[in-house]
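S.K.:
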Amino acid sequence: MDEPHVTNTWNSYLVVQEDEKILIPAAGMHSTETDVKKNNRVKVTLGSKEVLGFNDYQGTGFLIEGTAQFIESGSKYELMKEKFPFLTRVLEITVTSSKQLL
2 MDEPHVTNTW NSYLVVQEDE KILIPAAGMH STETDVKKNN RVKVTLGSKE
52 VLGFNDYQGT GFLIEGTAQF IESGSKYELM KEKFPFLTRV LEITVTSSKQ
102 LL
């Protein structure tokens, strides 16, 4: 598997860390986790109604690329569990590029 795994999420689930890592709550994402174990490169698309897009459109989308790992314990896990009680793991992405799409 040479290509990165692709998944989607809502911007309201993102927690951006000072070290420029992005944390995303994972309750499902089992196929993503299986793929990340084989190849940790990911592409994540997300949408936001709160961010003004190009040409003054209300809402926009983003493509984030990077490397990923799943976290099952520790301080980042506890931080996310407090915000999103439904999670079973945390998807942590180290961003290599980001692009506004709309």
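Following the numbering used here, the numbering of the sequence shown begins with 2 at its first residue and continues without gaps.
For glycine and all other residues, C-beta sits at the position ideal for the given N, C-alpha and C.
#1: Near A27, what residues of its chain come up, given a Cβ to Cβ distance below 7 Å and the 5 sequence neighbours on each side ignored?
#2: Ordered along the chain, which non-local residues of its own chain (more than five positions away) have a Cβ less than 7 Å from that of E73?
#3: Just the C-alpha distance for T33 and H6, rounded to the nearest angstrom, thanks.
#4: Note down the Cα distance separating G29 from S98, rounded to an integer number of angstroms.
#5: Does G67 pass the burial test, meaning 16 or more other C-beta atoms within 10 Å, or should it be called exposed?
#6: When we look at the beta-carbon of Y58 and count the other beta-carbons within 10 Å, is it buried (16 or more) or exposed?
#7: Count the other C-beta atoms from every protein chain shown that fall within 10 angstroms of the C-beta of D20, then say buried if there are 16 or more, exposed otherwise.
#8: If we require 4 or more residues per run, which alpha helix (DSSP H) segments fall completely within the segment 22 to 71?
#9: I want to know whether the segment 74 to 83 touches the segment 38 to 55 - three or more CB-CB distances under 8 Å.
M.R.: Checking against the coordinates, here is how it stands:
#1: F71, L88, T89, R90, V91 and L92
#2: R90
#3: 7 Å
#4: 25 Å
#5: buried
#6: exposed
#7: exposed
#8: 31 to 39
#9: no
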